[in-house]
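Notes for the one structure printed next.
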Amino acid sequence: MEKGALPSSGSQRAPAPSPNGRKKRPLFEMASLCFMLIGTFLWAGGWLNPKPTARSDLSKTPLIDGHNDLLILLRAVYGNRIYDTNFTKPFEEGGMYGHFDLPRADAGKMGGAFWSAFVPCPTEEGFANEIYAPYVRATLEQIDLFQRLSEQYPKYFTLARSAKEAGHNFYKEGKLISPLAIEGLHQIGNSLSTLRLYHQLGVRYATLTWNCHNLYADAAVVSVNGESVASKPYHGGVSKAGHDLILEMNRLGMIVDLSHVSVDTMRDVLGGSPEKGWNGSIAPPIFSHSSAKALCPHPRNVPDDILQLVKKRNGVVMVNFSPDFVSCRAGNASTGLPDFVEETNTIEHVVEHIMHIGELIGYDYVGLGSDFDGIPTTPRGLDDVSKFPDLMQLLLDQGVSKKDAGKIAGLNLLRVWHEVDQVAARLQKEMKPVEDYFKPGIRGLYELEGQDIGDVAN
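Note that our numbering numbers the sequence shown so that position 262 is 244, with each residue one more than the last.
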């Protein structure tokens, strides 16, 4: 009969042996049979030593991607329109362009993601308010896009405004943990007021820079004549304005993200530059999508000495899947950037990045930050969000404990977020919001030379 099938009612059965006619096996034969059966179970990893499986674990522990760029992909590919069938059909049924759609999210056992309201850096030089104004508008449009997605697909895109709410959404409501993020302080337009409004709209981390310096901090990589190059210091880390801004982020409960920033900026924020008279962020920072510089010497990655500061400040480094940051070696390019290495552009090498960080500073301080939908290619074996269980299984197979795998998947990020919320609750009792200073008058803002306030009011 086929495996799993029941015998039909007409099946013939062998007659039961007579108790008096049964032959007795020698004792040593029975013992040999028992040892053979036990050995078979041990060799196959049977019930005596069950093999941990990532898929079952991810039903109980949230896998939270620290950085997903779906929103900018929807703007670039679908023109910001999410009600047209050319979007809804592949998004709901599968096969959509990019790395994320609903069937793949389910297959990948996703427990959540920080959705980046990404807007690229200005092409103009300088930090003038008027340069940044269109980028603030574009950021608001990205946030509005998320809100419309949330209305259409609440299981996947319901905002989580605190770590406690995130846990409730996942464990009690069966929803993905879905806060927003911004990627570079050029997106706030030099305005702490804008930062606060973003927080009200659901932004829960801000990356201090993208690929450009800004008023507050230095970036690791900048664009020169359209080409990405390793940056030269501008502020030498975090500026005085950046000190005030990070304090306000701490007060709000907005996580400080150090991906994309220079090593000087990393060190300043993590409290590694006391000689500058600033102790860094009060709340633990994160790297939302960065890998280990010891394995791939790209300026976007995190050096080992900085990893030690991450541990000291109780933060987390969420390993990026971008091939350029996963698989590279030092080169001689005029850009100051390393050479890409195709041979190690694999899911296994991503595991090596995770384990390098975990073995160096502990598995309490490492997570996952894919950069899916923000990267044109992926490592082999990590094609899209459906492959998250494969990554987690590889970690288990390499000897990472089930407990540590759960931390990597998302518990470390939730722990940091919870501590950020605690710091915010304390600071909100101790201090008022940090205010920008504007020169009294309105002419500089509205460029209304020759008009007084009465003219404007009318």
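Even glycine gets a Cβ: it sits at the ideal position worked out from N, Cα and C.
Fair warning: this is a prediction, and the values are worked out from it, not measured in the lab.
Based on the DSSP secondary-structure assignment, which residues constitute the bridge partners of CYS194?
Mapped onto the sequence shown, residue 194 falls at position 212. CYS194 is bridged to TRP192.
Per DSSP, ASN296 forms a beta bridge with which residues?
Counting from one through the sequence shown, the residue named residue 296 turns up at place 314. Note: ASN296 sits in no beta bridge, so no partner.
Where does GLY28 land, buried or exposed, given buried means 16+ other C-beta within 10 angstroms?
Here residue 28 is taken as the residue at index 46 of the sequence shown, counted from 1. Here GLY28 scores only 36 on pLDDT, less than 50, and its place in the model is too uncertain to base an answer on.
Pull up the distance between the alpha-carbon of PRO102 and that of ALA276, whole angstroms please.
Residue 102 sits at position 120 when you count from the first residue of the sequence shown. Residue 276 sits at position 294 when you count from the first residue of the sequence shown. Roughly 28 Å between the two C-alpha positions.
When you compare each of ASP226, LEU409, SER244 to SER213 by their alpha carbons, which one comes out closest?
As a working mapping, residue 213 is identified with position 231 in the sequence shown. Taking only the C-alpha atoms, the option nearest SER213 is SER244.
Quick one, are the C-beta atoms of GLU165 and SER98 less than 7 Å apart?
Counting from one through the sequence shown, the residue named residue 165 turns up at place 183. Counting from one through the sequence shown, the residue named residue 98 turns up at place 116. Closer than 7 Å, so yes.
As an exercise, report each continuous alpha helix (DSSP H) stretch of at least 4 residues that is fully enclosed by the stretch 263 to 296, in chain order.
286 to 294
Note down the Cα distance separating HIS271 from GLY351, rounded to an integer number of angstroms.
The residue given as residue 271 occupies position 289 in the sequence shown. The residue given as residue 351 occupies position 369 in the sequence shown. Answer to the nearest angstrom: the Cα atoms are 4 Å apart.
Going by alpha carbons, who is nearest to ASN62 out of GLU75, GLN129, VAL118?
Residue 62 sits at position 80 when you count from the first residue of the sequence shown. Closest by alpha carbon: GLN129.
Mapping DSSP to helix, strand and coil, what is ASP379?
Locating residue 379 in the sequence shown gives position 397, counting from the first residue. ASP379 sits in a helix when the DSSP states are folded into three classes.
Under three-state DSSP, which class holds TYR347?
For the purposes of this step, residue 347 is identified with residue 365 of the sequence shown, where counting begins at 1. Residue state, collapsed to three classes: helix.
Below 7 Å between beta carbons: does that hold for GLY344 and LEU395?
Taking the first residue of the sequence shown as 1, we reach residue 344 at position 362. Taking the first residue of the sequence shown as 1, we reach residue 395 at position 413. Contact: no.
In chain order, what residues of the same chain lie with their CB nearer than 7 Å to the CB of PHE142, ignoring the 5 residues before and after it?
For this step, residue 142 is matched to residue 160 along the sequence shown. It is worth fixing the name first, because residue 142 is Ala in this sequence and not Phe. Within the same chain, ALA142 has close Cβ partners ALA148, ASN151, ILE159, SER160, PRO161.
Counting C-beta neighbours from all protein chains within 10 Å, is the total for SER309 16 or more, i.e. buried, or is it exposed?
Here residue 309 corresponds to residue number 327 of the sequence shown, with the count starting at 1. By the 10 Å Cβ count, SER309 comes out buried.
By the three-class DSSP mapping on this structure, what secondary structure does PHE128 have?
As a working note, residue 128 is residue 146 in the sequence shown. Helix, per DSSP.
For LYS222 and GLU412, I'd like the C-alpha separation in whole angstroms.
Working through the sequence shown from its first residue, we reach residue 222 at position 240. Working through the sequence shown from its first residue, we reach residue 412 at position 430. The straight-line gap from Cα to Cα measures roughly 21 Å.
If you draw a straight line from the alpha carbon of ASN283 to that of GLY340, how long is it in whole angstroms?
On the sequence shown, residue 283 is found 301 positions in, with the first residue counted as 1. On the sequence shown, residue 340 is found 358 positions in, with the first residue counted as 1. Approximately 15 Å, taken between the alpha carbons.
If you draw a straight line from the alpha carbon of ASN525 to that of GLY108, how long is it in whole angstroms?
With the chain covering -17 to 440 only, the question about residue 525 has no answer from this structure.
Where does the unbroken beta strand (DSSP E) through ILE237 begin, and where does it stop?
Walking along the sequence shown from the start, residue 237 turns up at place 255. First-last of the beta strand (DSSP E) with ILE237: 237 to 239.
Please classify TYR65: is it buried, with 16 or more other beta-carbons within 10 angstroms of its beta-carbon, or exposed?
Residue 65 sits at position 83 when you count from the first residue of the sequence shown. Under this definition TYR65 is an exposed residue.
What do you get for GLU155, buried or exposed, if any count of 16 or more other CB atoms within 10 angstroms of its CB means buried?
Here the question's residue 155 lines up with position 173 in the sequence shown. So GLU155 ends up on the exposed side.
When you compare each of ASP353, LEU291, PRO256, MET78 to MET300 by their alpha carbons, which one comes out closest?
Taking the sequence shown and counting its residues from 1, the one referred to as residue 300 is at position 318. Put simply, of ASP353, LEU291, PRO256, MET78 the residue whose alpha carbon is nearest the alpha carbon of MET300 is ASP353.
Quick check: does the Cβ of LEU131 come within less than 6 Å of any heavy atom belonging to the ligand FMN?
What this structure holds is no ligand at all, so the ligand FMN is not there to describe.
Counting only the same chain and skipping the five closest in sequence on each side, list residues whose C-beta sits under 6 Å from that of THR43.
Reading the sequence shown from its first residue, position 61 is the one you call residue 43. So the list reads GLY388, ALA391, once near-sequence residues are dropped.
Within 8 Å, do at least three Cβ pairs link the stretch 252 to 264 to the stretch 175 to 185?
no
Give me, in chain order, the residues of the same chain whose beta-carbon lies closer than 6 Å to that of ILE357; leave out the 5 immediate sequence neighbours on both sides.
Taking the sequence shown and counting its residues from 1, the one referred to as residue 357 is at position 375. So the list reads SER304, once near-sequence residues are dropped.
Starting from LEU227, follow the alpha helix (DSSP H) in both directions and report where the run begins and ends.
Mapped onto the sequence shown, residue 227 falls at position 245. Residues 222 to 234.
If the criterion is Cβ atoms closer than 7 Å, does the pair THR121 and SER132 meet it?
By 1-based counting over the sequence shown, the position of residue 121 is 139. By 1-based counting over the sequence shown, the position of residue 132 is 150. Against a cut-off of 7 Å, the Cβ pair of SER132 and THR121 comes out as no contact.
Would you please state the rounded distance, in angstroms, between the beta carbons of HIS242 and THR317? I believe it to be under 8 Å.
Here residue 242 refers to the residue found at position 260 of the sequence shown. Here residue 317 refers to the residue found at position 335 of the sequence shown. Actually they are not in contact, since the Cβ atoms of HIS242 and THR317 sit about 16 Å apart, beyond 8 Å.
Which residues in the same chain as LYS246 place their Cβ atom closer than 7 Å to its Cβ, once the five residues preceding and following it in sequence are excluded?
Looking up residue 246 in the sequence shown gives position 264. The residue asked about is misnamed: residue 246 is Asp in this sequence, not Lys. Within the same chain, ASP246 has close Cβ partners ASP200, PRO215, GLY218, GLY219.
In angstroms with no decimal places, state the Cα-to-Cα distance between PRO320 and GLY313.
On the sequence shown, position 338 is the one that residue 320 refers to. On the sequence shown, position 331 is the one that residue 313 refers to. Their Cα atoms are separated by approximately 5 Å.
Could you check if ASN302 is buried or exposed, using at least 16 other CB atoms within 10 Å of its CB as the buried criterion?
Residue 302 sits at position 320 when you count from the first residue of the sequence shown. That one is buried.
Do you know offhand how far ASP126's Cα is from ALA87's?
One-based indexing of the sequence shown puts residue 126 at position 144. One-based indexing of the sequence shown puts residue 87 at position 105. Near 22 Å, if we compare the C-alpha coordinates of ALA87 and ASP126.
Throw me the rounded Cβ distance for the ASN196 and HIS168 pair, which I believe falls under 8 Å.
Within the sequence shown, residue 196 is the residue found at index 214, counting from 1. Within the sequence shown, residue 168 is the residue found at index 186, counting from 1. Contact flag correct, Cβ pair sits at about 5 Å.
Measure the C-alpha to C-alpha separation of LEU464 and LEU52 and round it to an integer number of angstroms.
The structure shown does not extend to residue 464, since the chain is modelled only from -17 to 440, so the question has no answer here.
Which residues in the same chain have their Cβ closer than 6 Å to the Cβ of THR191, if we skip the five residues on either side of it in sequence?
Residue numbering aside, residue 191 sits at position 209 when the sequence shown is read from its first letter. The residues are GLY166, ALA199, ALA201, HIS242, VAL243.
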